[in-house]
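Colleague: I'd like to ask some things about the structure below.
2 protein chains.
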Amino acid sequence: MEKLLRINMSAEGGPEVNVIPIGEYAGLGGRALTSAVISKEVPPLAHPLSEDNKLVIAPGMLSGSIAAMSGRISVGCKSPLTGGIKEANSGGQPSQVLARLGYAAIILEGKPKDGDLYKVFINKDGVKITPDNSLKMLGNYDVVEKMKGEYGDKIACISIGPAGEMKMSAASIAFTDMELRPTRHAGRGGVGAVMGAKGVKVIVLDDKGMASRAPKDPGKFKAANKAFVEGLKKHPVTGEALPAYGTNVLANIINEAGGYPTNNFLWGRFPGVSKISGETEAETEVARGGVATHGCHRGCTIQCSGIYMDKDGHYLTKQPEYETVWAHGANCGIDDLDAIAMLDRLDDDYGLDTIEMGATIGVAMEAGLAKFGDAQAAIGLIKEVGKGTPLGRILGNGAAVTGKVFGVERVPVVKGQALPAYDPRSVQGMGVTYATSTMGADHTAGYAVTANVLKVGGFVDPLKAEGQIELSRNLQIATAAIDATGMCLFIAFAVLDQPETFQALLDLLNSFYGLKLTGDDVTALGKKILIMERDFNKRAGFTNQQDRLPEFFKKELLPPHNVVFQVTDEDLDKVYNW
Amino acid sequence: MEKLLRINMSAEGGPEVNVIPIGEYAGLGGRALTSAVISKEVPPLAHPLSEDNKLVIAPGMLSGSIAAMSGRISVGCKSPLTGGIKEANSGGQPSQVLARLGYAAIILEGKPKDGDLYKVFINKDGVKITPDNSLKMLGNYDVVEKMKGEYGDKIACISIGPAGEMKMSAASIAFTDMELRPTRHAGRGGVGAVMGAKGVKVIVLDDKGMASRAPKDPGKFKAANKAFVEGLKKHPVTGEALPAYGTNVLANIINEAGGYPTNNFLWGRFPGVSKISGETEAETEVARGGVATHGCHRGCTIQCSGIYMDKDGHYLTKQPEYETVWAHGANCGIDDLDAIAMLDRLDDDYGLDTIEMGATIGVAMEAGLAKFGDAQAAIGLIKEVGKGTPLGRILGNGAAVTGKVFGVERVPVVKGQALPAYDPRSVQGMGVTYATSTMGADHTAGYAVTANVLKVGGFVDPLKAEGQIELSRNLQIATAAIDATGMCLFIAFAVLDQPETFQALLDLLNSFYGLKLTGDDVTALGKKILIMERDFNKRAGFTNQQDRLPEFFKKELLPPHNVVFQVTDEDLDKVYNW
Numbered sequence: 015m016e017k018l019l020r021i022n023m024s025a026e027g028g029p030e031v032n033v034i035p036i037g038e039y040a041g042l043g044g045r046a047l048t049s050a051v052i053s054k055e056v057p058p059l060a061h062p063l064s065e066d067n068k069l070v071i072a073p074g075m076l077s078g079s080i081a082a083m084s085g086r087i088s089v090g091c092k093s094p095l096t097g098g099i100k101e102a103n104s105g106g107q108p109s110q111v112l113a114r115l116g117y118a119a120i121i122l123e124g125k126p127k128d129g130d131l132y133k134v135f136i137n138k139d140g141v142k143i144t145p146d147n148s149l150k151m152l153g154n155y156d157v158v159e160k161m162k163g164e165y166g167d168k169i170a171c172i173s174i175g176p177a178g179e180m181k182m183s184a185a186s187i188a189f190t191d192m193e194l195r196p197t198r199h200a201g202r203g204g205v206g207a208v209m210g211a212k213g214v215k216v217i218v219l220d221d222k223g224m225a226s227r228a229p230k231d232p233g234k235f236k237a238a239n240k241a242f243v244e245g246l247k248k249h250p251v252t253g254e255a256l257p258a259y260g261t262n263v264l265a266n267i268i269n270e271a272g273g274y275p276t277n278n279f280l281w282g283r284f285p286g287v288s289k290i291s292g293e294t295e296a297e298t299e300v301a302r303g304g305v306a307t308h309g310c311h312r313g314c315t316i317q318c319s320g321i322y323m324d325k326d327g328h329y330l331t332k333q334p335e336y337e338t339v340w341a342h343g344a345n346c347g348i349d350d351l352d353a354i355a356m357l358d359r360l361d362d363d364y365g366l367d368t369i370e371m372g373a374t375i376g377v378a379m380e381a382g383l384a385k386f387g388d389a390q391a392a393i394g395l396i397k398e399v400g401k402g403t404p405l406g407r408i409l410g411n412g413a414a415v416t417g418k419v420f421g422v423e424r425v426p427v428v429k430g431q432a433l434p435a436y437d438p439r440s441v442q443g444m445g446v447t448y449a450t451s452t453m454g455a456d457h458t459a460g461y462a463v464t465a466n467v468l469k470v471g472g473f474v475d476p477l478k479a480e481g482q483i484e485l486s487r488n489l490q491i492a493t494a495a496i497d498a499t500g501m502c503l504f505i506a507f508a509v510l511d512q513p514e515t516f517q518a519l520l521d522l523l524n525s526f527y528g529l530k531l532t533g534d535d536v537t538a539l540g541k542k543i544l545i546m547e548r549d550f551n552k553r554a555g556f557t558n559q560q561d562r563l564p565e566f567f568k569k570e571l572l573p574p575h576n577v578v579f580q581v582t583d584e585d586l587d588k589v590y591n592w
Numbered sequence: 015m016e017k018l019l020r021i022n023m024s025a026e027g028g029p030e031v032n033v034i035p036i037g038e039y040a041g042l043g044g045r046a047l048t049s050a051v052i053s054k055e056v057p058p059l060a061h062p063l064s065e066d067n068k069l070v071i072a073p074g075m076l077s078g079s080i081a082a083m084s085g086r087i088s089v090g091c092k093s094p095l096t097g098g099i100k101e102a103n104s105g106g107q108p109s110q111v112l113a114r115l116g117y118a119a120i121i122l123e124g125k126p127k128d129g130d131l132y133k134v135f136i137n138k139d140g141v142k143i144t145p146d147n148s149l150k151m152l153g154n155y156d157v158v159e160k161m162k163g164e165y166g167d168k169i170a171c172i173s174i175g176p177a178g179e180m181k182m183s184a185a186s187i188a189f190t191d192m193e194l195r196p197t198r199h200a201g202r203g204g205v206g207a208v209m210g211a212k213g214v215k216v217i218v219l220d221d222k223g224m225a226s227r228a229p230k231d232p233g234k235f236k237a238a239n240k241a242f243v244e245g246l247k248k249h250p251v252t253g254e255a256l257p258a259y260g261t262n263v264l265a266n267i268i269n270e271a272g273g274y275p276t277n278n279f280l281w282g283r284f285p286g287v288s289k290i291s292g293e294t295e296a297e298t299e300v301a302r303g304g305v306a307t308h309g310c311h312r313g314c315t316i317q318c319s320g321i322y323m324d325k326d327g328h329y330l331t332k333q334p335e336y337e338t339v340w341a342h343g344a345n346c347g348i349d350d351l352d353a354i355a356m357l358d359r360l361d362d363d364y365g366l367d368t369i370e371m372g373a374t375i376g377v378a379m380e381a382g383l384a385k386f387g388d389a390q391a392a393i394g395l396i397k398e399v400g401k402g403t404p405l406g407r408i409l410g411n412g413a414a415v416t417g418k419v420f421g422v423e424r425v426p427v428v429k430g431q432a433l434p435a436y437d438p439r440s441v442q443g444m445g446v447t448y449a450t451s452t453m454g455a456d457h458t459a460g461y462a463v464t465a466n467v468l469k470v471g472g473f474v475d476p477l478k479a480e481g482q483i484e485l486s487r488n489l490q491i492a493t494a495a496i497d498a499t500g501m502c503l504f505i506a507f508a509v510l511d512q513p514e515t516f517q518a519l520l521d522l523l524n525s526f527y528g529l530k531l532t533g534d535d536v537t538a539l540g541k542k543i544l545i546m547e548r549d550f551n552k553r554a555g556f557t558n559q560q561d562r563l564p565e566f567f568k569k570e571l572l573p574p575h576n577v578v579f580q581v582t583d584e585d586l587d588k589v590y591n592w
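Keeping their order, the protein sequence lines are chains U and X.
Heads up, the working numbering is the position in the first sequence plus 14, with the first residue counted as 1.
Heads up, the working numbering is the position in the second sequence plus 14, with the first residue counted as 1.
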């Protein structure tokens, strides 16, 4: 990972490949690298679809090594959805493969002058870019099938579907999983639209002939990895709950806590939760010959995913995640798991962020375009997006645009990005993260559900303002650092509760790079990333006034606890005063 | 004008009327009053369509008097289009009528709890509000016809069309003219959507039994008015050009100057200009039995308007203005005056801002939805808006939303509001106004065409940065003050060039109110208004970063002068440093 792959799509005579030493960005990975490049190289007032924006795809610091859980990848750009800086994070195989190929990042720059669509092939021999207009408007599944036909099945793919080509602000970038299916997505912020604007449909990676990245101290690294895996195995969340039921184990928990947003954030509990819970989902998967415990990339030991079959026992999609099941389920009043799985499949194929799309359909239902609970109508709406009809274009640009176009007042977005699956009124720490994250509303940016609901890393009363600022701040800092490592964020459960597992993580980094990082260094890295991101957003025109939840969260009482969001604006403004 | 009419649409049991003394707002009129109320009473982060927003409709300080040109009215709210404060200004009869009825402003507050649509009737006996769902989705022409049937033809109407009811961000509010036609519009910023959100379809005004407002010193007032009218008559713009050819006299002039934006701001000259110029328009009107010299309200001496007949000699619309002819014409490559007049009629009937809609169709054409120059396609697109189809909803929300939905990079907006009919690269003073106005891109906010092109009030080279900041600043200050008086902005031509006409304006104000205002006081008033507006925008989250033109104006050379916008960001930030 000592080189950068810069591809200038604007070059005369077609895209120009430049493989250069990492230089000033040395030592950075994942989100630290993507945010550094965007912050330094992209003019903050550039149009997100213009040649001045860049798309940075960066494995983490430990990606490509044998460290467990190190297969996350970061995608950075100026976001078409928020207008601010964006890091969207994905699992799947490409992170490990790209890292083994030696690239710290792929940076797509410029914009093709012609209307051609390109594919990029990268292996040990170099980089090849070819126009391939036969790929135009293919879904992600078809793109990957086509690439398998051309390059064999030992590849990993990074691709966009029709949504990205149509430059929709809810467009994702797909990363293939271990089965070479496009099921893992850098979902948020419209990163797929930026890849679409760059004219790149798919990046095919083949690491044949490349070894795992070697640590400086192999012995210590191996020992640290062992301790790290043991820590993950023994924690109840990462060792039991997530493997057994996947992320959707949260449905019953968050519903019970009264924080499961239902019918476009009208209520905090969903009457149909038992039909779409993680328990029901796992049972359904196993009964149909699917898989309820599965990883998204090699080296994953938590195995929070699975494989979802349709009623006839045929593959439909990967196990829909908690956020997806909520977004397309409770948030739209839908309790039909098969319909939700179909929506997940369509989103993955079109290349759409499931959170944004679920929130968008909730807003569309509020606007009267369909009734809450009407699963078939929801499927119909998503198909409009895939077809690119005017209605589909509206929806594919997310909840904020949909709310604006249809004159809806209750639109659950911050900085233009839809809120995920925790109502900020009954999980107030999440409200602080939604409001203040550099990313727009993003649960992964500072997952206060830990202390608010799960009692991981302490306990902070979820219905009160007290302690939420500090909780969210500390989590946002820690998360930014973890997002730089390439580690799956779910390690945080064990790392927060078990000092020895946190130490094992430090030992992994130190033995790999020959460093002597302490906990303070990790905190410093997290702060550095956040400061960089916030500075970009400031230069792009953001102020504290954008660090606010929509007004209705401060005015409408949320059943069953009948609370509003309590954290004051003054307190929100303290998150970055550390 | 010593009382305010507050209507609380949220009240239990239906809308509640409160007529109260003007109190703390005494002495304010027009934009000074609307911006004071919005700035003080509307939470800056309120959703523009929420009950917390207010719609303020205020005649100017001299409205309702016999002063010439005093029939302008201001509409204020938090804008659904820009997210900032908004004052949209209109001619027509209602300003004089409302002022004679003694109201300094109508303030619509709250939001009806039911889905009913209301009409408001105001006469000397008081205010009556009734639900009237038979008005739902009527065009402005039909609404006014219906009101004539109910209340007779001695009324004046303020109404919204389907666009306002659908809460579109390009929705205008219509004000009837002397012929009781809904041809005058507070066009910009989506004020019609706010009236729609308040559930008010039409306000009917009847001033039977009310006299003109009496000045403190009738003798001096009469003399001042005489001097004022003489000044307007002797200036070549207000005494000759505008009466003869209307505002569209500018088409040839601005085209010649290379500042007539063509095909979505691609070129600065339009090959088809002679077919749509003011000269051609006036000739066409006269030949068909229309009128080429006409006022929009009683007391107008400039008479810049007219009446446009179709090919068969039947009334089609009022004389389409320069901005309208440009927006639906050159900006879309359309040189068919009858088609442009039809678009004007449709916009007036649906209740849409012609500038925003022309710019929006330009963006839609850039997106490939129609070909530049295809007049029938443009008419078809506007009809989609009236029908409220998904495509129509997109377009009806303006150029910024349309650009976002269709992934277009070249979108000519500032703060979300479309640029009017002067390319900022060849009329750089206008560029400064577009960028820095509190209103979003707005030519009326500081009409630098005066010194840049018309050589009124001095000369500043339009292609260079030098002098533009000071020019725009001074014009923005003067304009804010004029917008408070109820005077038509076109008096500025004579007032800028002729000291005695400026003195006559001061004399009008002083003799009416018993004041001793000097030029400095007028400047102070303008500054006070701008500071208030800018402060609201700041509290709503705006920074200097929003005071910028889209990037393409800084990068793409505009033929024929092949210049980019030259004013630096640093200089733009000096506009409000006075």
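Even for Gly, the Cβ is constructed at its ideal location relative to N, Cα and C.
Using the beta-carbon count (16 or more within 10 Å), is R312(U) buried or exposed?
Modeller: exposed
Colleague: Exposed or buried, which one is K230(U) when buried takes at least 16 other CB atoms within 10 Å?
Modeller: exposed
Colleague: Could you check which residue in A241(U), Q110(U) and G347(U) has the C-alpha nearest to that of G282(U)?
Modeller: G347(U)
Colleague: For a cutoff of 8 Å on Cβ pairs, would you count N137(U) as touching chain X?
Modeller: no
Colleague: Mapping DSSP to helix, strand and coil, what is Y329(X)?
Modeller: strand
Colleague: I'd like to know whether the C-beta of M379(X) is nearer than 8 Å to at least one C-beta of chain U.
Modeller: Against chain U, the CB of M379(X) has no partner CB under 8 Å away; the residue lies outside that interface.
Colleague: State yes or no: is the beta carbon of S109(U) nearer than 8 Å to at least one beta carbon in chain X?
Modeller: no
Colleague: For the ligand GDP, I want to know if V287(X) counts as a neighbour, meaning its beta carbon is within less than 7 Å of at least one of the ligand's heavy atoms.
Modeller: Summarising the ligand content, the structure contains no ligands, and the ligand GDP is consequently not present.
Colleague: According to DSSP, simplified to helix, strand and coil, what is K133(U)?
Modeller: strand
Colleague: So, C318(U) versus P257(U), is the Cβ gap smaller than 8 Å?
Modeller: yes
Colleague: Contact between the region 454-469 of chain U and the region 425-442 of chain U is defined here as three or more beta-carbon pairs at a separation below 8 Å; is this criterion met?
Modeller: yes
Colleague: I believe N266(X) touches E293(X) by the beta-carbon criterion, under 8 Å. Please report the beta-carbon distance rounded to the nearest angstrom.
Modeller: N266(X) to E293(X), Cβ: 7 Å. Contact.
Colleague: Going along the chain, which residues of its own chain have a beta-carbon closer than 7 Å to the beta-carbon of Y329(U), five neighbours each way excluded?
Modeller: So the qualifying residues of the chain are I321 and M323.
Colleague: In the DSSP assignment, what are the bridge partners of R45(U)?
Modeller: None, per the DSSP bridge assignment.
Colleague: Determine which residues of the region 374-403 of chain X have a Cβ less than 8 Å from any Cβ of chain U, and write them out in chain order.
Modeller: T403
Colleague: Between E55(U) and chain X, is the shortest Cβ-Cβ distance under 8 Å, so that the two count as touching?
Modeller: no
Colleague: Quick one: is T276(U) buried, meaning 16 or more other Cβ sit within 10 Å of its Cβ, or exposed?
Modeller: buried
Colleague: Could you name the residues that DSSP lists as bridge partners for T144(X)?
Modeller: K133(X)
Colleague: To the nearest angstrom, report how far apart R553(U) and I496(U) are at their CA atoms.
Modeller: 25 Å
Colleague: Closer than 8 Å between beta carbons: that is the criterion. Which residues of the region 173-189 of chain U meet it against chain X?
Modeller: M180, K181, M182 and S183
Colleague: On the three-pair Cβ rule with 8 Å, is the region 18-33 of chain U touching the region 199-208 of chain U?
Modeller: Inter-segment contact for the region 18-33 of chain U and the region 199-208 of chain U is absent: fewer than three beta-carbon pairs are separated by less than 8 Å.
Colleague: Taking only runs that begin and end inside the region 43-79 of chain U, name each unbroken alpha helix (DSSP H) of 4 or more residues, in chain order.
Modeller: 44-55
Colleague: Should A449(X) be flagged as near chain U, meaning a C-beta pair shorter than 8 Å?
Modeller: no
Colleague: So, for L523(X): in the same chain, excluding its five sequence neighbours on each side, which residues have a beta-carbon less than 8 Å away from its beta-carbon?
Modeller: M75, L76, T499, L529 and L531
Colleague: So V415(X) contacts chain U; which residues on that side make the cut at Cβ distance below 7 Å?
Modeller: V415, K418 and V419
Colleague: For T537(X), would you say it is in contact with chain U, using Cβ-to-Cβ distances shorter than 8 Å as the test?
Modeller: no
Colleague: Whose C-beta lies closer than 7 Å to the C-beta of T452(X) among residues of the same chain, with five residues either side of it excluded?
Modeller: G98, I99, L544, E547, R548 and N551
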